[in-house]
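*Asks:*
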Amino acid sequence: MTAVQWINAPHATDVTYPAAPWHMTGQLWLSLFKVNAGDHPDREPGVYGAALVKYQEPSPLTYGELLVARMVTAPNTGKAVNITDIWVDSIQSVHGGRDLWAIPKDLCDFGFTSTTSGPLSRTLWTAELDGVPIVTASFSDVSKLAPRLPFKGDTYQQRADGEEVRASLTGSSKAAPCRGRWDFNPDGALGWLAGKRSIASFRQADFRMSFG
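In this note's numbering, the protein residues as written are 11 to 222.
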């Protein structure tokens, strides 16, 4: 395994993060939601994905993540994922995501429990921002029985000065549909998703991914 090169964060004292690309391992739960015009003044209507991710060893950084994203047509590169909202519980990930790829990460607190019974996995997540709940989400799946399949894609972000930043991701996972329930706090940071029912839900178990 290639040794990880660490970078000093230019805008924070005593914070380092891995150089790109990040080679990450973990678990992901994803649900799709339809957002209508007027649901949020700063959100385009369309289909958004909400995901909860648990990055685990041997990832260079291990942390939880909550994100919301949508597909966009990026100039000159075609379809890409644009991350609109994202929180993690790692200050290193916050600075790395912002500095390297213009991903607008902020900090929040997570609760996470997961149990297995045979092939069935049950998982419960909570996310809070400054003590205010963002979401509680629960999932059940048998994705560990699924075959390992490859995936790839790109992200597209813009910095405040208009600079466009693209990053590529490639990897593999045991992907399968799952049952998912999301309860968004109407008064929380993702209140514009409150009351919405998911269109579909998926689990990516034991993913291995190179990002950036």
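Every residue gets a Cβ at the ideal spot worked out from N, C-alpha and C, and that includes glycine.
What residue range is occupied by the uninterrupted beta strand (DSSP E) comprising I17?
*Replies:* Taken as a continuous stretch (DSSP letters only), the beta strand (DSSP E) holding I17 covers W16 to N18.
*Asks:* Between which two residues does the beta strand (DSSP E) carrying W32 extend?
*Replies:* Element bounds for W32: W32 to V45.
*Asks:* Can you tell me which of the three DSSP states D109 falls into?
*Replies:* D109: helix per DSSP, three-state reduction.
*Asks:* Using the Cβ count rule (16 or more neighbours within 10 Å means buried), how would you classify V57?
*Replies:* Classification for V57: exposed.
*Asks:* Tell whether a beta-carbon distance below 7 Å holds between P70 and P28.
*Replies:* Taking 7 Å as the Cβ cut-off, P70 and P28 qualify as a contacting pair.
*Asks:* Can you tell me where the beta strand (DSSP E) with W97 in it begins and where it stops?
*Replies:* Where W97 is concerned, the enclosing beta strand (DSSP E) stretches over G88 to V98.
*Asks:* Could you check the C-alpha separation between A147 and S208 for me, to the nearest Å?
*Replies:* Distance between the alpha carbons of A147 and S208 is about 12 Å.
*Asks:* Need the endpoints of the beta strand (DSSP E) that T181 sits in, please.
*Replies:* Here the sequence assigns Gly to residue 181, which means Thr is not the residue at that position. That run of the beta strand (DSSP E) goes E174 to P187.
*Asks:* Would you kindly report the start and end of the unbroken beta strand (DSSP E) that includes P28?
*Replies:* It spans T26 to P28 - the beta strand (DSSP E) in which P28 sits, taken as one unbroken run.
*Asks:* Do you know how far the Cα of W135 is from the Cα of K44?
*Replies:* Going by the C-alpha atoms only, they are around 22 Å apart.
*Asks:* When the Cα atoms are used, what is the spatial distance from T123 to R132?
*Replies:* Cα-Cα distance, rounded: 8 Å.
*Asks:* Which term fits F161, buried or exposed, when burial requires 16 or more other beta carbons within 10 angstroms of its beta carbon?
*Replies:* Its Cβ having fewer than 16 others within 10 Å, F161 is exposed.
*Asks:* Work out the CA separation of S211 and F42 for me, nearest whole Å.
*Replies:* First, the amino acid is wrong: residue 42 is Leu here, not Phe. So the alpha carbons of these two residues sit roughly 6 Å apart.
*Asks:* Among residues of its own chain, excluding the 5 on either side of R191, which ones have a beta-carbon nearer than 7 Å to its beta-carbon?
*Replies:* Hits under 7 Å: A147 and S148.
*Asks:* For V152, name the three-state secondary structure that DSSP assigns.
*Replies:* Three-state result, V152: coil.
*Asks:* Anyone know if the C-beta pair for V32 and G222 falls short of 7 Å?
*Replies:* The residue you asked about is not Val; residue 32 is Trp in the sequence shown. It is a contact, given that the beta carbons lie within the stated cut-off.
*Asks:* Could you tell me the boundaries of the beta strand (DSSP E) in which A61 lies?
*Replies:* Segment G56 to Q66, the beta strand (DSSP E) holding A61.
*Asks:* Expressed to the nearest angstrom, what Euclidean distance is found between the alpha-carbon atoms of A90 and G36?
*Replies:* Distance between the alpha carbons of A90 and G36: 22 Å.
*Asks:* CA-CA distance, D52 and W202?
*Replies:* When rounded, the distance between both Cα atoms is 10 Å.
*Asks:* Short of 8 Å in beta carbon distance, which residues of its chain neighbour Q66, apart from the five on each side in sequence? Order them along the chain.
*Replies:* Here the set comprises T35, G36, Q37 and T72.
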